[in-house]
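Enquirer: First the structure, then my questions, so here it is.
2 protein chains.
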Amino acid sequence: MEKTNIAIVGMGTVGTGVARLLLDHGDRTSRHAGRTLWLKKAVVRDLSKPRDIELPDGVATDSIQEVIDDPEITVVAQLIGGLEPARQIMLDLMEAGKDIVTANKALLAQHGPELFTRARELGRSIAFEASVAGGIPIIANISQCLSANQIVSLEGILNGTSNFIVTQMDERGASYDDVVRQAQKLGYAEADPAMDVDGTDAAQKLAILSHLAFGATVDWADIPKVGIDGLAADDLKYARQLGYRIKLIGSAKLAEDGLELSVGPTLVKKGTPLAEVRDAYNAIRVIGDAVGPVFYHGLGAGQMPTASAVVADLIDTAVGRTRLTFQTLEYFSIDQPPRVKLRDADTIEGRYYFRLPVSNHPGTLAAIAAVLAKHDISIASVIQHENTEDGPQVDPVTLVIMTHAATAGSARRATEEIESLESVSGSVVRLQVKD
Amino acid sequence: MEKTNIAIVGMGTVGTGVARLLLDHGDRTSRHAGRTLWLKKAVVRDLSKPRDIELPDGVATDSIQEVIDDPEITVVAQLIGGLEPARQIMLDLMEAGKDIVTANKALLAQHGPELFTRARELGRSIAFEASVAGGIPIIANISQCLSANQIVSLEGILNGTSNFIVTQMDERGASYDDVVRQAQKLGYAEADPAMDVDGTDAAQKLAILSHLAFGATVDWADIPKVGIDGLAADDLKYARQLGYRIKLIGSAKLAEDGLELSVGPTLVKKGTPLAEVRDAYNAIRVIGDAVGPVFYHGLGAGQMPTASAVVADLIDTAVGRTRLTFQTLEYFSIDQPPRVKLRDADTIEGRYYFRLPVSNHPGTLAAIAAVLAKHDISIASVIQHENTEDGPQVDPVTLVIMTHAATAGSARRATEEIESLESVSGSVVRLQVKD
Ligand SMILES: NC(=O)c1ccc[n+]([C@@H]2O[C@H](COP(=O)([O-])OP(=O)(O)OC[C@H]3O[C@@H](n4cnc5c(N)ncnc54)[C@H](OP(=O)(O)O)[C@@H]3O)[C@@H](O)[C@H]2O)c1
Ligand SMILES: NC(=O)c1ccc[n+]([C@@H]2O[C@H](COP(=O)([O-])OP(=O)(O)OC[C@H]3O[C@@H](n4cnc5c(N)ncnc54)[C@H](OP(=O)(O)O)[C@@H]3O)[C@@H](O)[C@H]2O)c1
Numbered sequence: 001m002e003k004t005n006i007a008i009v010g011m012g013t014v015g016t017g018v019a020r021l022l023l024d025h026g027d028r029t030s031r032h033a034g035r036t037l038w039l040k041k042a043v044v045r046d047l048s049k050p051r052d053i054e055l056p057d058g059v060a061t062d063s064i065q066e067v068i069d070d071p072e073i074t075v076v077a078q079l080i081g082g083l084e085p086a087r088q089i090m091l092d093l094m095e096a097g098k099d100i101v102t103a104n105k106a107l108l109a110q111h112g113p114e115l116f117t118r119a120r121e122l123g124r125s126i127a128f129e130a131s132v133a134g135g136i137p138i139i140a141n142i143s144q145c146l147s148a149n150q151i152v153s154l155e156g157i158l159n160g161t162s163n164f165i166v167t168q169m170d171e172r173g174a175s176y177d178d179v180v181r182q183a184q185k186l187g188y189a190e191a192d193p194a195m196d197v198d199g200t201d202a203a204q205k206l207a208i209l210s211h212l213a214f215g216a217t218v219d220w221a222d223i224p225k226v227g228i229d230g231l232a233a234d235d236l237k238y239a240r241q242l243g244y245r246i247k248l249i250g251s252a253k254l255a256e257d258g259l260e261l262s263v264g265p266t267l268v269k270k271g272t273p274l275a276e277v278r279d280a281y282n283a284i285r286v287i288g289d290a291v292g293p294v295f296y297h298g299l300g301a302g303q304m305p306t307a308s309a310v311v312a313d314l315i316d317t318a319v320g321r322t323r324l325t326f327q328t329l330e331y332f333s334i335d336q337p338p339r340v341k342l343r344d345a346d347t348i349e350g351r352y353y354f355r356l357p358v359s360n361h362p363g364t365l366a367a368i369a370a371v372l373a374k375h376d377i378s379i380a381s382v383i384q385h386e387n388t389e390d391g392p393q394v395d396p397v398t399l400v401i402m403t404h405a406a407t408a409g410s411a412r413r414a415t416e417e418i419e420s421l422e423s424v425s426g427s428v429v430r431l432q433v434k435d
Numbered sequence: 436m437e438k439t440n441i442a443i444v445g446m447g448t449v450g451t452g453v454a455r456l457l458l459d460h461g462d463r464t465s466r467h468a469g470r471t472l473w474l475k476k477a478v479v480r481d482l483s484k485p486r487d488i489e490l491p492d493g494v495a496t497d498s499i500q501e502v503i504d505d506p507e508i509t510v511v512a513q514l515i516g517g518l519e520p521a522r523q524i525m526l527d528l529m530e531a532g533k534d535i536v537t538a539n540k541a542l543l544a545q546h547g548p549e550l551f552t553r554a555r556e557l558g559r560s561i562a563f564e565a566s567v568a569g570g571i572p573i574i575a576n577i578s579q580c581l582s583a584n585q586i587v588s589l590e591g592i593l594n595g596t597s598n599f600i601v602t603q604m605d606e607r608g609a610s611y612d613d614v615v616r617q618a619q620k621l622g623y624a625e626a627d628p629a630m631d632v633d634g635t636d637a638a639q640k641l642a643i644l645s646h647l648a649f650g651a652t653v654d655w656a657d658i659p660k661v662g663i664d665g666l667a668a669d670d671l672k673y674a675r676q677l678g679y680r681i682k683l684i685g686s687a688k689l690a691e692d693g694l695e696l697s698v699g700p701t702l703v704k705k706g707t708p709l710a711e712v713r714d715a716y717n718a719i720r721v722i723g724d725a726v727g728p729v730f731y732h733g734l735g736a737g738q739m740p741t742a743s744a745v746v747a748d749l750i751d752t753a754v755g756r757t758r759l760t761f762q763t764l765e766y767f768s769i770d771q772p773p774r775v776k777l778r779d780a781d782t783i784e785g786r787y788y789f790r791l792p793v794s795n796h797p798g799t800l801a802a803i804a805a806v807l808a809k810h811d812i813s814i815a816s817v818i819q820h821e822n823t824e825d826g827p828q829v830d831p832v833t834l835v836i837m838t839h840a841a842t843a844g845s846a847r848r849a850t851e852e853i854e855s856l857e858s859v860s861g862s863v864v865r866l867q868v869k870d
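Read top to bottom, the protein sequences are chains A and B.
In terms of my numbering, the first sequence opens at residue 1 and continues consecutively.
In terms of my numbering, the second sequence opens at residue 436 and continues consecutively.
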């Protein structure tokens with residue numbers, strides 16, 4: 001049987017999982033690749049660091065140069081996180097004639113055009129299934145399986161850590177800080193989970209998917225994003241009372257005048273598929289104009305789900321499928337004009353949930369309603385807990401308002417104006433609503 | 436731009452949809468294929484029959500020979516249903532050097548080994564994404580995206596017509612016959628829906644998926660199957676009372692001593708993903724040992740969802756990916772020994788629901804319980820509506836029993852014995868239960 005020599009660069013969580021699949025399950029990789037995928041080198045920073053896997057003699061090395069200089073190694077799983085040295089290593093490996101498989105979405109979201117253009121110049125390929133929603137093969141599904149469609153919308157739960165946090169807050173009534181600590185203990189959240197909870201990670205994934213699905217050229221930093229870090233247990237409670245759950249949703253929709261992009265905690269109607277996605281799972285709903293709605297649900301990250309995606313890419317690359325796809329699709333090409341422009345975020349319509357602390361005086365609601373009306377926002381429902389005569393007298397009290405459809409711009413401007421009212425004693429929480 | 440000349444054979448529901456995508460959306464096919472997919476010929480039986488699409492001059496023909504003799508046509512979408520002449524036409528086309536894309540699951544379930552072996556001998560390929568669960572790209576997902584996994588189970592709702600029928604019976608309380616008529620009017624069910632409602636169609640699809648996912652060589656006729664044609668509105672009602680919905684589930688599970696296969700109406704716990712699949716949708720849940728559970732949901736059939744799958748296959752074939760996959764994977768090879776054997780169906784364990792008409796006399800339940808106990812089946816719960824003193828006196832009354840885990844063999848033998856009891860006045864409905 002023919003042999004493809006593979007190297008892994010970066011033996012952390014994912015790299016170790018990939019090595020395990022290659023070493024322990026050669027039968028399945030060779031059955032699907034028609035050839036042996038042979039792990040020849042695994043590059044680590046520190047050879048003396050204890051690792052969760054026993055590598056055959058001679059495989060571990062602390063020299064990336066050994067891989068670069070070995071012409072027998074033709075495919076490399078590049079599994080170092082962060083931007084540098086990951087970017088430079090990837091370029092050096094491609095210069096040396098190696099095809100790349102990677103899970104590094106931050107790198108692609110930041111340097112995709114440079115890396116992909118260089119790969120094409122060099123006749124190399126980059127496969128990146130593992131970079132978005134590890135356990136859901138969404139890259140292959142958009143790029144190949146749904147290729148007969150104009151995709152009209154794509155929305156999903158793209159960050160498992162955030163979803164774990166909101167699920168636990170919702171189901172156990174735990175506080176944000178407690179759940180973050182629990183997520184770190186369980187290994188879901190990183191030591192610094194900032195990029196997960198502030199929506200950065202979801203925005204980076206949405207930028208990648210929007211390019212694949214719509215041909216949009218998006219800087220992830222331009223996607224309007226809100227994280228879950230501002231959510232209070234109260235929001236989950238009020239949402240529940242109104243028949244919703246709150247999920248961090250990344251959404252891309254094709255409208256007549258451009259692509260609507262957003263990332264933010266969203267009230268999703270209970271019983272709909274996205275609302276029922278729990279814990280560290282991800283889910284993506286794609287609508288194609290021919291196929292209709294397709295819904296995918298799977299683990300968002302973790303060692304083996306991510307390794308599963310990396311090894312599928314290694315097989316596709318060894319077989320030669322990746323090269324055909326990569327050359328045809330021109331993903332992240334700097335010569336390729338975007339096929340769609342982004343819609344001015346302020347003009348996007350949607351329903352909103354407002355929660356605000358107000359003083360418990362007559363006229364407060366009227367003043368707020370007047371501001372909303374001025375901005376063309378009509379109220380669908382209100383929750384306000386009045387002080388009862390014999391209960392404790394609380395001030396401020398919480399006011400929750402659900403609106404009918406309004407533009408993001410007017411919702412933002414109304415929010416600013418409401419926050420400046422005398423009867424409003426703090427900042428307004430404003431979330432999108434999806435029915 | 437290069438051009439791949441395509442022919443469609445069979446311009447029915449699916450063929451017309453495929454022609455529409457090729458003719459109206461050349462931009463997206465050429466973007467994904469890096470070449471033009473040019474519809475050169477469309478073979479019909481009767482040129483004078485009015486069709487839902489206007490073909491460019493010279494495309495329609497009633498002569499398959501014209502396609503066979505045209506060396507420029509390299510890829511053919513073979514969209515005639517049934518076994519003959521579909522089988523012979525496929526062989527003739529491959530002899531003439533054409534790669535095939537098909538949606539005909541009956542043909543593959545029956546003649547897969549012959550057709551695939553001949554294709555390999557001739558250096559041709561057969562792509563068949565559209566043959567199972569049209570809107571869910573399950574073939575590519577199993578064959579490529581999940582290739583790093585040992586798949587340990589696969590279960591799903593594989594027949595849209597059956598699911599439409601049980602959903603409507605359940606939600607509207609309509610009778611089986613009424614809903615079948617409605618499904619025919621809506622175009623879901625064929626004039627003769629026998630193969631849909633008796634489980635044949637689901638068993639054929641399960642046989643194909645079991646081969647792909649487990650390397651099993653299965654004659655679909657050997658899969659133990661029950662259809663939805665024996666379901667009564669009462670079963671749906673009792674299931675609901677017990678916290679379940681009834682769905683026609685095709686299931687394949689890898690156990691230590693072989694593969695467990697079955698198709699049948701199954702009580703599925705409300706709130707779980709498969710239970711909430713409604714109307715003509717299909718859904719498939721795959722568990723891989725690395726990736727964990729992955730859930731897919733999409734339209735099961737219909738013109739454009741099926742055409743979407745056919746055109747994705749046409750693109751993959753034109754690009755050259757299909758050939759790489761086809762040659763590597765050795766699907767349906769007569770030289771390939773099965774990688775797994777089928778488990779004796781009688782030894783498969785599961786919980787059961789029994790509904791039976793019993794005479795309303797003391798001792799009846801005791802007699803039935805004794806038979807169950809004799810066969811090692813223990814009772815989990817019972818529903819029996821006693822006659823009340825002032826209500827109408829009904830005889831027989833309905834008895835519903837939910838059991839704990841038992842083997843299929845003992846459930847079957849117990850059923851036979853119960854049916855022979857004097858106090859049981861008709862046949863027993865026995866359904867599987869999934870928690
Ligand atoms: N973990 C997941 O579930 C998941 C899911 C999807 C995508 N990803 C992505 O996959 C990538 C890897 O993630 P991970 O979770 O495996 O991270 P990780 O556990 O932190 O592993 C990164 C590894 O890279 C190694 N490394 C860093 N710089 C190196 C250098 N110059 N030379 C050689 N090795 C170097 C580190 O070595 P030391 O061990 O010596 O520090 C570490 O082992 C990231 O881009 C991440 O975003 C991860
Ligand atoms: N419909 C779906 O949603 C769906 C979904 C998945 C898979 N499929 C499969 O796709 C295949 C086609 O289904 P369909 O729904 O399109 O069936 P259909 O509407 O009955 O179309 C079949 C077509 O084949 C034509 N035909 C039959 N014998 C022929 C011959 N000797 N030469 C040329 N044409 C011939 C028929 O021609 P006339 O028009 O002259 O009768 C008819 O147009 C079947 O195998 C089916 O199981 C269908």
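Cβ coordinates follow ideal geometry from the N, Cα and C atoms, glycine included.
Name the chain A residues whose beta carbon is nearer than 9 Å to that of THR464 (chain B)?
Expert: SER147 and ALA148
Enquirer: Could you run through the region 306-324 of chain A and flag, in chain order, every residue whose CB is less than 7 Å away from some CB of chain B?
Expert: When CB distances to chain B are screened at a threshold of 7 Å, the residues of the region 306-324 of chain A falling below it are ALA307, SER308, VAL311, ALA312, ILE315, ASP316, VAL319, GLY320, ARG321 and LEU324, in chain order.
Enquirer: Can you pull the chain B residues whose beta carbon is under 7 Å from the beta carbon of SER141 (chain A), in chain order?
Expert: According to the sequence as given, residue 141 (chain A) is Asn; it is not Ser. Those are PRO572, listed as they occur along chain B.
Enquirer: Which residue's Cα is closest to the Cα of GLY558 (chain B): B:ALA801, B:LYS809 and B:PHE761?
Expert: B:PHE761
Enquirer: Enumerate, from N- to C-terminal direction, the unbroken alpha helix (DSSP H) stretches of 4 or more residues contained entirely within the region 227-268 of chain A.
Expert: The qualifying runs are 233-241.
Enquirer: Beta-carbon separation of GLY570 (chain B) and VAL754 (chain B) under 8 Å?
Expert: no
Enquirer: Using a cut-off of 9 Å between C-beta atoms, extract the partners of HIS839 (chain B) located in chain A.
Expert: Neighbours of HIS839 (chain B) on chain A: none; closest Cβ ~28 Å, over 9 Å.
Enquirer: Below 8 Å on C-beta distance, what does THR763 (chain B) contact in chain A?
Expert: HIS32, ALA33, GLY34 and VAL319
Enquirer: Which of the three DSSP states, helix, strand or coil, is assigned to LEU593 (chain B)?
Expert: DSSP places LEU593 (chain B) in coil when its eight states are reduced to three.
Enquirer: Output the distance between the C-alpha atoms of VAL511 (chain B) and MET446 (chain B), rounded to the nearest integer angstrom.
Expert: 12 Å
Enquirer: Could one say the Cβ of VAL863 (chain B) lies closer than 8 Å to chain A's Cβ atoms, at least one of them?
Expert: no
Enquirer: Compare the C-alpha of ALA380 (chain A) against each of A:ALA366, A:HIS111 and A:TYR352 and name the closest.
Expert: A:TYR352
Enquirer: Looking at the structure shown, is ASN539 (chain B) part of a helix, part of a strand, or coil, going by DSSP?
Expert: Residue state, collapsed to three classes: coil.
Enquirer: Considering PRO733 (chain B), what are the terminal residues of the beta strand (DSSP E) in which it resides?
Expert: One point to set straight first is that residue 733 (chain B) is Gly, not Pro, in the sequence displayed. First-last of the beta strand (DSSP E) with GLY733 (chain B): 727-734.
Enquirer: Mind pulling the alpha helix (DSSP H) runs of 4 or more residues that sit fully within the region 292-348 of chain A?
Expert: 303-319 and 321-329
Enquirer: Return the residue from the list A:GLY264, A:ILE368, A:VAL394 and A:LEU299 that minimises the CA-CA distance to ILE138 (chain A).
Expert: The residue with the shortest Cα to Cα distance from ILE138 (chain A) is A:LEU299.
Enquirer: Taking the continuous alpha helix (DSSP H) assigned at SER645 (chain B), which residues delimit it?
Expert: 635-649
Enquirer: Cβ closer than 8 Å: which chain B residues qualify as neighbours of MET94 (chain A)?
Expert: Correct list: empty, because the minimum Cβ distance to chain B is about 21 Å.
Enquirer: Quick one, are the C-beta atoms of THR596 (chain B) and ASP631 (chain B) less than 8 Å apart?
Expert: When the beta-carbon positions are compared, THR596 (chain B) and ASP631 (chain B) come within less than 8 Å of each other.
Enquirer: Taking 8 Å as the threshold (beta carbon to beta carbon), is GLY298 (chain A) in contact with chain B?
Expert: yes
Enquirer: Taking the alpha-carbon positions, what's the CYS580 (chain B) to ALA140 (chain A) distance?
Expert: Distance between CYS580 (chain B) and ALA140 (chain A), taken at the CA atoms: about 7 Å.
Enquirer: Would you kindly work out how many angstroms separate the C-alpha atoms of ILE643 (chain B) and ALA742 (chain B), rounded to a whole number?
Expert: 20 Å
Enquirer: On the three-state DSSP scale, how would you describe SER816 (chain B)?
Expert: In the three-state reduction of the DSSP assignment, SER816 (chain B) falls in the strand class, which pools E and B.
Enquirer: Quick one: what does DSSP say GLY409 (chain A) is sitting in, helix, strand or coil?
Expert: helix
Enquirer: Below 7 Å, is the gap between the Cβ of VAL9 (chain A) and the nearest heavy atom of ligand 1?
Expert: Placement of the Cβ of VAL9 (chain A) at a distance of less than 7 Å from at least one heavy atom of ligand 1 is found.
Enquirer: Given a cut-off of 8 Å on the beta-carbon distance, is the pair THR864 (chain B) and GLY650 (chain B) in contact?
Expert: The amino acid at residue 864 (chain B) is misidentified as Thr; the sequence shows Val. No, Cβ-Cβ distance for VAL864 (chain B) and GLY650 (chain B) is not below 8 Å.
Enquirer: Is the region 114-121 of chain A in contact with the region 324-338 of chain A, if contact means three or more CB pairs nearer than 8 Å?
Expert: In short, these stretches touch, since the Cβ pair count reaches three.
Enquirer: Measure the beta-carbon distance from ILE499 (chain B) to THR451 (chain B) and round it to whole angstroms, keeping in mind my assumption that it falls under 8 Å.
Expert: That belief does not hold up - the Cβ atoms of ILE499 (chain B) and THR451 (chain B) are roughly 18 Å apart, past 8 Å.
Enquirer: Comparing the C-beta of GLY82 (chain A) with each C-beta of chain B, is any distance below 8 Å?
Expert: no
Enquirer: Would you list the residues sitting across from PHE789 (chain B) in a DSSP beta bridge?
Expert: B:ILE836 and B:ARG865
Enquirer: Beta carbon of GLY134 (chain A): closer than 7 Å to some heavy atom of ligand 1?
Expert: Indeed, a heavy atom of ligand 1 lies less than 7 Å from the Cβ.
Enquirer: Ignoring anything shorter than 4 residues, give me the alpha helix (DSSP H) runs that lie fully in the region 501-530 of chain B, in order along the chain.
Expert: The qualifying runs are 521-530.
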